[in-house]
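Just so you know, the sequences run in chain order H and S.
Residue 122 in the working numbering sits at position 116 of the first sequence, with consecutive numbering throughout.
Residue 55 in the working numbering sits at position 49 of the second sequence, with consecutive numbering throughout.
Don't be surprised by glycine CBs; every beta carbon is placed ideally from N, CA and C.
On a predicted model such as this, the values are computed, not experimentally measured, just so you know.
Structure, as structure tokens:
Number of protein chains: 2
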Amino acid sequence: MKELENFVKKLRNSGIRPTKQRLKICEVLFSSDKTFHFTVNDLAKIIEEELREKISLATVYNTVHAFKKKGYLKEISIPGDKSYFDTNTNHHHHFFDSNAKELIDIDFNQIELKNTPKAPRGKSIKGIDVIINVENDSQ
Amino acid sequence: MKELENFVKKLRNSGIRPTKQRLKICEVLFSSDKTFHFTVNDLAKIIEEELREKISLATVYNTVHAFKKKGYLKEISIPGDKSYFDTNTNHHHHFFDSNAKELIDIDFNQIELKNTPKAPRGKSIKGIDVIINVENDSQ
DNA sequence: CTTCAACTTTAGAATCATTATAAAATATTC
DNA sequence: GAATATTTTATAATGATTCTAAAGTTGAAG
Ligand SMILES: [Mn+2]
Ligand SMILES: [Mn+2]
Ligand SMILES: [Zn+2]
Ligand SMILES: [Zn+2]
Chain H
7 MKELENFVKK LRNSGIRPTK QRLKICEVLF SSDKTFHFTV NDLAKIIEEE LREKISLATV
67 YNTVHAFKKK GYLKEISIPG DKSYFDTNTN HHHHFFDSNA KELIDIDFNQ IELKNTPKAP
127 RGKSIKGIDV IINVENDSQ
Chain S
7 MKELENFVKK LRNSGIRPTK QRLKICEVLF SSDKTFHFTV NDLAKIIEEE LREKISLATV
67 YNTVHAFKKK GYLKEISIPG DKSYFDTNTN HHHHFFDSNA KELIDIDFNQ IELKNTPKAP
127 RGKSIKGIDV IINVENDSQ
């Protein structure tokens, strides 16, 4: 069972053509069991430095957005200039370390939300994010 | 009891010189009992269009950052290109309407968080934000 | 009140993440 | 193996934010 074949299937099932570039990005994002958080720039750097490949930045952006739309990635809400993405698409929460500018997962059932309020009229709830901002002690 | 005097005191107490520009911005942000959410651009537009004043954009940025540092404003974590600020500095949560790109307050005690996890070693918790993403029905 | 150093404002330039463009390359269909 | 639709790419454009350095203002001291 080649991993590549699985990625090809995954993309075809989503109506996305399995191009060389997209498969390479799948490999970086989805090969390991471990999930992780990244910015588009992080991802481009991994591809370029670790894999010695060259994928245009525009393609990396396009692919990340396509994968997000298909639900293979989640975008995380944090303050700042850059967007952070998450290969962990299960419902879970985050610490955000504002010194390291790093996200750390918090298991979904480690936080219990009581009394989730109803969405305003005409709107429906799409997701709930809990962000616990942390910083180095003695600051 | 002139409102202006209160703003002058407020700024002086924070070690910020009460300039004409800063007082005008205080007036826009803190005159009403109602709190609200805004982007720097929103704020600049209010000053320019409603008050027919001209404050350089750089000054608006500087002032918003200074007020945030002093705790008179909070920055809200939402995904996107722009930063959102909040004149409500009490602990509370938000709906984020991704169609209208609008924040709506949720009272702090309308959401009960059980089992808040401990901060990672060497870090301490600075704040907890709950964002409930909503969008128009039937999308 | 004047003076002066420290601070602030400002217009404009610079930066940086992201998106748009449109021509060249590639993938799928027949 | 064409013809067609999609994708990639380099590059330009955009837009939010920050930087710069010159001109203006403020507050403290005399
Ligand atoms: Mn990163
Ligand atoms: Mn707004
Ligand atoms: Zn995560
Ligand atoms: Zn609010």
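Would you say the beta carbon of H/I137 is closer than 8 Å to some non-hydrogen atom of ligand 4? Translated into the one-based positions of the first sequence, residue 137 of chain H becomes position 131. Every heavy atom of ligand 4 is 8 Å or more from the Cβ of H/I137, so no.
For S/D111, which residues from the same chain have a beta carbon less than 7 Å from its beta carbon, with the 5 sequence-adjacent residues on both sides left out? In the second sequence, counting from the first residue as 1, residue 111 of chain S sits at position 105. The answer, listed in chain order, is N94, H98 and H100.
Got a sec: is the Cβ-Cβ distance from H/D92 to anything in chain S below 9 Å? Numbered from its first residue, the first sequence carries residue 92 of chain H at position 86. Judged by the 9 Å Cβ criterion, H/D92 is not in contact with chain S.
Run the CB neighbour count on S/L57, radius 10 Å, all protein chains shown included, and call it buried at 16 or more, exposed below. In the second sequence, residue 57 of chain S corresponds to position 51, counting from 1. Counting Cβ neighbours within 10 Å, S/L57 comes out exposed, since fewer than 16 surround it.
S/I84 beta carbon near ligand 4 (any heavy atom closer than 8 Å): Start at 1 with the first residue of the second sequence, and residue 84 of chain S comes out as number 78. Because no heavy atom of ligand 4 lies under 8 Å away, the Cβ of S/I84 does not count as near it: no.
Burial state of H/T25, where buried means 16 or more other Cβ atoms lie within 10 Å: Position 19 of the first sequence holds residue 25 of chain H. So H/T25 counts as exposed.
Segment limits, beta strand (DSSP E) that includes S/H99: Looking up residue 99 of chain S in the second sequence gives position 93. Element bounds for S/H99: H99 to D103.
Please state whether DSSP places H/D48 in a helix, a strand or coil. Numbered from 1 along the first sequence, position 42 holds the residue referred to as residue 48 of chain H. In the structure shown, H/D48 sits in a helix (DSSP, three-state: H, G or I).
Compute the Euclidean distance between the alpha carbons of H/K80 and H/G21, then round it to the nearest angstrom. Taking the first residue of the first sequence as 1, we reach residue 80 of chain H at position 74. Taking the first residue of the first sequence as 1, we reach residue 21 of chain H at position 15. Rounded to the nearest angstrom, the two C-alpha atoms are 19 Å apart.
What does a CB cutoff of less than 8 Å around S/S83 pick up in its chain, not counting 5 residues either side in sequence? Translated into positions along the second sequence, residue 83 of chain S becomes position 77. Excluding sequence neighbours, S/S83 sits near D135 and I137.
So the beta strand (DSSP E) S/N139 belongs to, where does it begin and stop? Residue numbering aside, residue 139 of chain S sits at position 133 when the second sequence is read from its first letter. Residues K129 to N142.
Would the beta-carbon of S/T25 be found less than 8 Å away from any heavy atom of ligand 3? Position 19 of the second sequence, counting from 1, holds the residue named residue 25 of chain S. Not so, every heavy atom of ligand 3 lies at least 8 Å from the Cβ.
Tell me, please, which residues DSSP counts as bridged to H/Y67. For the purposes of this step, residue 67 of chain H is identified with residue 61 of the first sequence, where counting begins at 1. H/Y67 pairs with nothing; no bridge assigned.
Any chance you could list the residues with Cβ under 6 Å from a heavy atom of ligand 4, keeping chain order? S/H43, S/D92, S/N94, S/H98, S/H100, S/L109 and S/D111
Buried or exposed by the 16-neighbour rule on C-beta atoms within 10 Å, applied to S/D103: What you label residue 103 of chain S is simply residue 97 of the second sequence in a count that begins at 1. Buried, by the Cβ-count rule.
From what residue to what residue does the alpha helix (DSSP H) around S/E11 run? Numbered from its first residue, the second sequence carries residue 11 of chain S at position 5. Element bounds for S/E11: E9 to N19.
Chain-ordered chain H contacts of S/S62 [CB-CB under 7 Å]: As a first step, residue 62 of chain S must be located in the second sequence, where it is residue number 56. The contacting residues do not exist; S/S62 stays about 21 Å from chain H at best.
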